[in-house]
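These notes are about the structure you will find just below.
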Amino acid sequence: MILVTGASGFVGLYLVRALSAQGIQLRALYHNNPPQTPDATLPGVEWQKADLLDVYDVEAAMQKITHVYHCAAIVSFQPGDQSKMLHFNPESTANIVNAALAQEIEKMVYLSSVAAIGRSASDTGKQVTEEEEWGESAYNSAYGISKYVAEMEVWRAIGEGLDAVIINPGIILGSGHWDSGSPALMKVVWNQFPFYTNGVTGWADVEDVVRIMLLCMASSITGERYIVSAGNHSFKEIFTLMASALGKKPPTIYANSMVTGLAWRLGRLQNLLGRQAVITRETARNAHSLSFYNNEKLKSAFPHFSYTSIEETITKMARSFVTVHKK
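Below you can see the structure in the form of structure tokens.
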């Protein structure tokens, strides 16, 4: 039986649907967000509520499990979430790999992030590969630090005999979960937000991420990490593609570091008033960062795999978004 953590989250839910469609029996874990109809009744899926910080919950969830997809994580760039994120992401991963070792499962695939590879001012503009060594830097977000430390737990378990693969996607795009994460960018463009930045990063379709996870699990590969990115694109390019797909006006005003600096400082006032800031210090920094990710290692491992173009991904997203928001 297969275990999926974070099963009601953005990537986790796409993975659960894909496994169910293949007729695979799985146990799908969730914590705060129970699955909604029709996902709650997917064939072959046993939904189970679990606290991944509770060792006993994790041990119970791991019973009769042979393979694990660990997708659960807190993803946030809000200052108020940093402490719980820095605790949850590494600690939950430690609990998962410890239980997996005790259960002697066959294999695990861990969903990490390019943020866990690390970044610094000297990295700007260069090609980043899986061999990049982590370095302490103000350019590393709290999320990135939490995922890096969580990865260290996976590497530790690999050293103790666990067969596992780590994947490091860029920003993941796809339909659904419109109020959080990267899909929320579609709502920003729909509302015709006028500003853009020239920051660059890697991007990937959520369905491609799931396909890679399935390929990694089915392969004999272990003890490796893979960057998953269809390509490196600027935020301006992504926003412009989204605007075109939605029939909206694209952003036309360049927000330099002074503008975004003012924006995140105003966001601090929102935090003090008990509201979430739209722009934080970390998102402002990321918006100007030039991070180019090399995806050649994955292409070499899976030569028959081909990425969905970002244009196609955004077209699919826009079609789905309009269907929901014009009701």
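0 is the number of the first residue of the sequence shown in numbering that gives the first Met the number 0; add one for each residue after it.
C-beta atoms are modelled at their ideal positions from N, C-alpha and C, and glycine is treated no differently.
- In its chain, beyond the 5 residues on either side, V3, Y68, C70, V209 and M212 have a beta carbon closer than 7 Å to the beta carbon of L14.
- Per DSSP, L172 is one residue of the beta strand (DSSP E) stretching across I170 to L172.
- In the three-state scheme derived from DSSP, where H, G and I count as helix and E and B as strand, G79 is classed as helix.
- A98 and E58 have their alpha carbons spaced roughly 6 Å apart.
- With contact defined as three or more Cβ pairs closer than 8 Å, the segment 237-254 and the segment 183-202 are in contact.
- A check of alpha carbon separations from M61 across F87, A72 and L25 identifies L25 as the nearest.
- Here W46 carries a strand assignment [DSSP, helix/strand/coil].
- Non-local beta-carbon contacts of E90 in its own chain, meaning distances under 7 Å to residues more than five positions away in sequence, involve L52 in chain order.
- In the DSSP assignment, H324 falls outside any beta strand (DSSP E) and within the unbroken alpha helix (DSSP H) covering I309 to H324.
- Using a Cβ distance threshold of 7 Å, W202 and I170 count as a contacting pair.
- The residue from I64, G8, G160 and A49 with its alpha-carbon nearest to that of D38 is G8.
- Between S290 and K186, the alpha-carbon positions lie close to 24 Å from each other.
- The straight-line gap separating the alpha-carbon atoms of E310 and V205 is approximately 14 Å.
- DSSP, reduced to helix, strand and coil, places K106 within a strand of the structure shown.
- If you look at Y225, you'll find it isn't in any alpha helix (DSSP H); it sits in the beta strand (DSSP E) that goes E223 to V227.
- Contact annotation: I64 and M107 have beta-carbon atoms that are not nearer than 7 Å.
- Linking N167 to T128 through their CA atoms gives a straight-line distance of about 10 Å.
- With a threshold of 16 other beta carbon atoms within 10 Å, P33 falls short and is exposed.
- DSSP places W202 in no alpha helix (DSSP H) but in the uninterrupted beta strand (DSSP E) bounded by V199 to D204.
- Take L85, set aside five residues on each side of it, and the residues of its chain with a beta-carbon closer than 7 Å to its own are A141, I144 and S145, in chain order.
- As computed with DSSP, R26 is found in a beta bridge with L2 and E45.
- Of the candidates I95, L110 and Y109, the residue whose Cα lies closest to the Cα of E103 is I95.
- Around R224, the same chain offers S111, E129, E150, V164, I165, I166 and N167 as residues with beta carbons nearer than 8 Å, after the five sequence neighbours per side are excluded.
- Residue environment: F238 is assigned as buried (16 or more neighbouring CB atoms within 10 Å of its CB, all protein chains considered).
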